[in-house]
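As you go down the protein sequences, you meet chains E and V in turn. One point on numbering: in our numbering, the residue at position 22 of the first sequence is 26, and numbering is uninterrupted. One point on numbering: in our numbering, the residue at position 82 of the second sequence is 86, and numbering is uninterrupted. Idealized CB from N, CA, C, for every residue including glycine. Quantities reported herein were computed from a predicted structural model and do not represent experimental measurements. Notes follow once the structure below has been shown.
2 protein chains.
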Amino acid sequence: MKIKCSKANLLAGINIVLKAVPVKTTMNILECILIKAVNSQIKLVSNDMELGIETVVVGDIAEEGVIAINAKIFSDMVRKLPDSDVTIETDSSLNTKITCEKSKFSISAKDGSEFPELPVIEKSKRVTMSEFSLRSIIVQTVFSISDNENNKIMTGELFEIKGNKMRVVALDGHRIAVRNLELKEDFGNYKVIVPGKALNEISKILSGEADDEVNIYFADKNIMFELEDTIILSRLIEGEYYKIDQMLSSDFETKITVNKRELFNSIDRATLLIKESDKKPVVIETADQSLKLKMDTSIGSLDDEIMIEKEGKDIVIGFNPKFIIEALRVIDDENIDIYLVNSKSPCFIRDAQQNYIYLILPVNFVS
Amino acid sequence: MKIKCSKANLLAGINIVLKAVPVKTTMNILECILIKAVNSQIKLVSNDMELGIETVVVGDIAEEGVIAINAKIFSDMVRKLPDSDVTIETDSSLNTKITCEKSKFSISAKDGSEFPELPVIEKSKRVTMSEFSLRSIIVQTVFSISDNENNKIMTGELFEIKGNKMRVVALDGHRIAVRNLELKEDFGNYKVIVPGKALNEISKILSGEADDEVNIYFADKNIMFELEDTIILSRLIEGEYYKIDQMLSSDFETKITVNKRELFNSIDRATLLIKESDKKPVVIETADQSLKLKMDTSIGSLDDEIMIEKEGKDIVIGFNPKFIIEALRVIDDENIDIYLVNSKSPCFIRDAQQNYIYLILPVNFVS
Numbered sequence: 005m006k007i008k009c010s011k012a013n014l015l016a017g018i019n020i021v022l023k024a025v026p027v028k029t030t031m032n033i034l035e036c037i038l039i040k041a042v043n044s045q046i047k048l049v050s051n052d053m054e055l056g057i058e059t060v061v062v063g064d065i066a067e068e069g070v071i072a073i074n075a076k077i078f079s080d081m082v083r084k085l086p087d088s089d090v091t092i093e094t095d096s097s098l099n100t101k102i103t104c105e106k107s108k109f110s111i112s113a114k115d116g117s118e119f120p121e122l123p124v125i126e127k128s129k130r131v132t133m134s135e136f137s138l139r140s141i142i143v144q145t146v147f148s149i150s151d152n153e154n155n156k157i158m159t160g161e162l163f164e165i166k167g168n169k170m171r172v173v174a175l176d177g178h179r180i181a182v183r184n185l186e187l188k189e190d191f192g193n194y195k196v197i198v199p200g201k202a203l204n205e206i207s208k209i210l211s212g213e214a215d216d217e218v219n220i221y222f223a224d225k226n227i228m229f230e231l232e233d234t235i236i237l238s239r240l241i242e243g244e245y246y247k248i249d250q251m252l253s254s255d256f257e258t259k260i261t262v263n264k265r266e267l268f269n270s271i272d273r274a275t276l277l278i279k280e281s282d283k284k285p286v287v288i289e290t291a292d293q294s295l296k297l298k299m300d301t302s303i304g305s306l307d308d309e310i311m312i313e314k315e316g317k318d319i320v321i322g323f324n325p326k327f328i329i330e331a332l333r334v335i336d337d338e339n340i341d342i343y344l345v346n347s348k349s350p351c352f353i354r355d356a357q358q359n360y361i362y363l364i365l366p367v368n369f370v371s
Numbered sequence: 005m006k007i008k009c010s011k012a013n014l015l016a017g018i019n020i021v022l023k024a025v026p027v028k029t030t031m032n033i034l035e036c037i038l039i040k041a042v043n044s045q046i047k048l049v050s051n052d053m054e055l056g057i058e059t060v061v062v063g064d065i066a067e068e069g070v071i072a073i074n075a076k077i078f079s080d081m082v083r084k085l086p087d088s089d090v091t092i093e094t095d096s097s098l099n100t101k102i103t104c105e106k107s108k109f110s111i112s113a114k115d116g117s118e119f120p121e122l123p124v125i126e127k128s129k130r131v132t133m134s135e136f137s138l139r140s141i142i143v144q145t146v147f148s149i150s151d152n153e154n155n156k157i158m159t160g161e162l163f164e165i166k167g168n169k170m171r172v173v174a175l176d177g178h179r180i181a182v183r184n185l186e187l188k189e190d191f192g193n194y195k196v197i198v199p200g201k202a203l204n205e206i207s208k209i210l211s212g213e214a215d216d217e218v219n220i221y222f223a224d225k226n227i228m229f230e231l232e233d234t235i236i237l238s239r240l241i242e243g244e245y246y247k248i249d250q251m252l253s254s255d256f257e258t259k260i261t262v263n264k265r266e267l268f269n270s271i272d273r274a275t276l277l278i279k280e281s282d283k284k285p286v287v288i289e290t291a292d293q294s295l296k297l298k299m300d301t302s303i304g305s306l307d308d309e310i311m312i313e314k315e316g317k318d319i320v321i322g323f324n325p326k327f328i329i330e331a332l333r334v335i336d337d338e339n340i341d342i343y344l345v346n347s348k349s350p351c352f353i354r355d356a357q358q359n360y361i362y363l364i365l366p367v368n369f370v371s
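In structure tokens:
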């Protein structure tokens, strides 16, 4: 194999496929990036057997070939080369020279045929949206998945498409995060559970531009995200997702409207009094135009107060401050509405159109 | 005690004294910041028994007093308060309220009299220089101290003043870093060894402004740095420093002039082939107008070449790349001169005026 491409293009491609290189694995070959120079196209591929990424790098092929090369070392080498054209050349014994101006690295590569190829996905069941929208709905929900591998379904997110409506749901038993999105056209009905870890990596690759489109293809065991020069493949989680509609339908007794930043700062202040070991709630108490927040731990205590608008009866209720903080962090609105029933029922943070719904269970605050 | 000051002033003071709060200690009181509100002045003090810092915070004293408060919690609390005036009030049981707008933290403080006071230094033996100069000579040498506590003297830096000349030296048995500085006037003769760890912290407090002056006072067991609102005290290391003058005087057989950035990048490239465990040298070989660099490890190999100007005979010599990299990082010159004798003798990187001298011992490169 002999190829030539600019350092900038090569490094951009490496940074994308690095997202699916496993940190620890018993299969050494997975620690490699596959370089495929065939059919007049240079492609980089990575695969951790859950998530697979393939991206095209613009360059010239002098001699076709397929090799695998340790991802960490390869990326370090390219990163430290001068900003110029890079030549990668492998001989029949897989000795590989990476040359740029007067710098020449030599390293031993692996046979590319050992590398597990990505599954081929039939491109029939498709949904198209902007990279911006996809990235937003992932980032705005994925923090609510569970990291407990014993309950596999909770480690994933529900992707549900009904005609031109899409809903993404993440939950962990203490909270539910929901984002609703209107699609440009009717794409059909799909319902799959995508691993949260994969979505986290995918959100880092998505450009976040409203003008860039991404095609999502659904297969039996996989989902594929097709970007301009990159395809990302994730295995799906098998099983039936939780029925959440009943949990989300609710009346309320109290509605609070509050400045998001002020509430965030106040609860953020409270969190510094929490040690890892003791899980103390932040207790909030409404009055007609103000909200009192109280936190009391072995370190010390905080009394805080912020201005609110209130409808309905007064309430005292306790929450894990982390759950509130994480929801507030992904809401763009300046002012938010919080809906409450009583001190034992979940609170809802949601907008009028229900584009977002964050349900958070209260915790007992009587010590 | 009851005091009031702006959050910005208080936080600036806390950030300064935090540098002398020990991370781990058996004396709990040292994990505190001492707040002294006496004689119409608010002072914050920290002391890890090697390094002590005292800084003045502008504010109002409603009631004088001295308390000690856990440094980490106190700094976290103040950092997260709104940007407004902060009131700190302690009752007779040392219950302390930290109030800012409608936020009120409560925390238990400690009796300030338990806190070890900083020693009082007689201000007779003085040297004055700009904060910029002091910070520069520390940063440009302190990386060459040894972190081996078995040889205490190598963990410190020599501060040597002779009339209007100052010399700072750090060495670790494999290399020597020297910076020479001309002072504005004749301050007398002093020679002390200052702990490198303390100097590292001091360099972070110094403003780096050429217009700000720092007074340095010498005492038997201590050195004191007096800034505008802050004094920093360090214990000295006892003993006789190494005689380095003979090591520094040398003829040379080869002189190389090279672009610093190009040499840095090339050696930086070589370092990525080094694993923690195997200490491989970078081998450099001169030709008339070029320098070849070679690194060969179990990971792979690098061949590199940069343009140089050369006087004298050709040479092949090996170095620990880390030592070259660290010296190049603190040299401001665009082009540097390297002086060599043979493959077993130290190399010198120094400027014509010998404002800086970096001596680096070679390593055996025949495997």
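What residues in the stretch 296-320 of chain V bring their beta carbon closer than 8 Å to a beta carbon of chain E? Residues Ile303, Gly304, Ser305, Leu306, Asp307, Asp308, Glu309, Ile310.
Classify Gly304/E as buried or exposed, calling it buried when 16 or more other Cβ atoms lie within 10 Å of its own Cβ. That one is buried.
Determine the closest residue to Gly243/V out of Ile271/V, Lys195/V, Asp95/V, with distance taken between C-alpha atoms. Lys195/V
Helix, strand or coil for Phe222/E, going by three-state DSSP, please let me know. strand
When the Cα atoms are used, what is the spatial distance from Glu3/V to Asn168/V? Past the edges of chain V, shown from 5 to 371, lies residue 3/V, and the structure says nothing about it.
If you measure between the beta carbons of Asp89/V and Lys156/V, is that distance less than 8 Å? Not in contact: Asp89/V and Lys156/V (Cβ atoms no closer than 8 Å).
For a contact meaning CB atoms closer than 9 Å, what does Met81/E contact in chain V? Arg273, Leu276, Leu277, Gly304, Leu306
Rounded to whole angstroms, what is the Cα-Cα separation between Arg139/E and Ile248/E? 23 Å
Which residue spans inside the stretch 138-183 of chain E form an unbroken beta strand (DSSP E) run of at least 3? Every beta strand (DSSP E) of 3 residues or more that sits fully in the stretch 138-183 of chain E is shown, in chain order, as 160-166, 169-175.
For Gln250/E, which of helix, strand or coil comes out of DSSP? helix
Which residue wins for smallest C-alpha separation from Asn359/E, given the options Asp337/E, Leu15/E, Leu344/E, Cys351/E? Ranking the options by Cα distance to Asn359/E, first place goes to Asp337/E.
Residue span of the alpha helix (DSSP H) that contains Val82/E, given as start and end: Residues 75-84.
Residues bridged to Asp190/V [DSSP beta-bridge criterion]: By DSSP's assignment, Asp190/V forms no beta bridge with any residue.
Neighbour list for Lys106/E in chain V, Cβ cutoff strictly below 8 Å: Asp308, Glu309, Ile310
Chain E within 8 Å of Ile18/V, Cβ atoms only: Not an interface residue.
In whole angstroms, give me the CA-to-CA distance for Lys201/V and Asp95/V. 38 Å
Per-residue contacts from Ser88/V into chain E (C-beta, under 7 Å): By Cβ distance, chain E contributes nothing, its closest Cβ being about 12 Å from Ser88/V, past 7 Å.
Per DSSP, which residues does Ile236/V bridge with? Please list them. Ile57/V, Phe229/V
Can you list the residues of chain V that Asn84/E reaches, using a CB-CB cut of under 8 Å? The sequence given here places Lys at residue 84/E; Asn does not occur at that position. Ordered by position in chain V, the residues that pass the 8 Å Cβ test against Lys84/E are Asn269, Asp272, Arg273, Leu276.
Residue-level contact to chain V via CB, Phe109/E, 8 Å cutoff: yes
Give a yes or no on whether the minimum CB-CB distance between Ile328/E and chain V is below 8 Å. Taking CB atoms only, Ile328/E has no neighbour in chain V less than 8 Å away.
Beta strand (DSSP E) containing Val131/V: first to last residue? It spans 130-134 - the beta strand (DSSP E) in which Val131/V sits, taken as one unbroken run.
Give me whichever residues DSSP pairs with Val367/E in a beta bridge. Gly322/E
8 Å contact criterion, which Val198/V and Ile180/V should meet: CB distance rounded: Going by Cβ atoms, the distance from Val198/V to Ile180/V rounds to 16 Å, so no, they are not a contact pair.
Taking the DSSP output, what are the residues bridged to Ile18/E? Note: Ile18/E sits in no beta bridge, so no partner.
Where does the unbroken alpha helix (DSSP H) through Ala202/V begin, and where does it stop? 200-209
Against Ile77/E, what residues of chain V qualify as contacts under a CB-to-CB distance less than 9 Å, listed in chain order? Leu276, Leu277, Ile303, Gly304
Return helix, strand or coil for Ala24/E, following the three-state DSSP convention. helix
Same chain only: Cβ atoms within 7 Å of Cys36/E, ignoring 5 sequence neighbours per side: Ala72, Ile73, Asn74, Ala75, Lys114, Phe119
Within 8 Å, do at least three Cβ pairs link the stretch 250-269 of chain V to the stretch 280-300 of chain V? yes
Shortest alpha-carbon distance to Ser107/V belongs to which of Glu309/E, Ile353/E, Lys326/E, Phe369/E? Glu309/E
Whose C-beta lies closer than 6 Å to the C-beta of Lys6/E among residues of the same chain, with five residues either side of it excluded? Cβ contact annotation for Lys6/E (same chain, cutoff 6 Å, sequence separation greater than five): Ala66, Glu67, Glu93, in chain order.
Compute the minimum distance between the beta carbon of Gln358/V and the heavy atoms of the ligand MN, and state whether it is under 7 Å. Ligands are entirely absent from the displayed structure, and the ligand MN is therefore not among its contents.
Would you kindly report the start and end of the unbroken alpha helix (DSSP H) that includes Lys264/V? Where Lys264/V is concerned, the enclosing alpha helix (DSSP H) stretches over 264-275.
Pull up the CB-CB distance for Ala379/E and Asp64/E, whole angstroms please, since I reckon it's below 8 Å. Summary: the structure shown does not reach residue 379/E, with chain E confined to residues 5 through 371, and so no result is reported for it.
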